[in-house]
Amino acid sequence: MRGTVFTESPEDTFALGEQVGRCLREGDVVALRGELGVGKTCFTKGLARGLGVPDKYVVTSPSFTLINEYPGRISLYHVDVYRFSGPEELARIGYEEYFSGEGVTVIEWADKVMDLIPAGALVVDFFYLDDKRREIQIAGPEDLMKRLREAITHGGLVWH
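Adding 18 to a residue's 1-based position in the sequence shown gives its number in our numbering.
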């Protein structure tokens, strides 16, 4: 099942991430794909808020640390594979532990490791429309997508 949301600003992208975070459950994997600067980390910051990560934790892209972990209602494991050349590098850091863990795993630049992404993952594709506006396509399991559509619509964004 698929859906599309158009955001008008980084604040909208954050709000979308927050609504997604509220709908996720332990063990969920979120694969983020899109160009540099398109809003993947902004979305993840909102997702962290939706998971109940306290504001005292500053969510940043783990480009150099590879994985950042944040406690919340559900723990967030934030993975960035931008510097990876392929899936074998993700395998070296023990990704299975995160994909089957008790938290939610978000992977930025997931297009580099899609062969390792679980079949039931939520896949979020980001596209530039202009400096601030984005088209964000979301695909995932039907039950999760139904929850997302309802939450996003009630959150004030338009689901297409």
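C-beta atoms are modelled at their ideal positions from N, C-alpha and C, and glycine is treated no differently.
Using a Cβ-Cβ distance cut-off of 8 Å, the region 67-87 and the region 138-151 are not in contact, since fewer than three pairs of beta carbons, one from each stretch, lie closer than that value. According to DSSP, residue 177 shares a beta bridge with 23. Cβ neighbours of residue 91 within its own chain (closer than 7 Å, five residues either side excluded): 69, 70. The three-state secondary structure of residue 92, taken from DSSP, is coil.
Taking C-beta atoms as the reference points, residue 127 and residue 161 fail to come closer than 8 Å.
A distance below 7 Å between beta-carbons, with the five flanking residues on each side excluded, links residue 34 to the following residues of its chain, in chain order: 23, 25, 61, 64, 154, 170, 175. Taking a 10 Å sphere around the C-beta of residue 49, we find 16 or more other C-beta atoms and assign the residue as buried. The C-alpha of residue 36 lies about 19 Å from the C-alpha of residue 55. Assigned with DSSP and collapsed to three states, residue 135 falls in coil, not helix or strand.
For residue 48, no alpha helix (DSSP H) run applies; the uninterrupted beta strand (DSSP E) run containing it begins and ends at 47-51, by DSSP.
Pairing residue 129 with residue 20 gives a Cβ-Cβ distance that is not under 8 Å.
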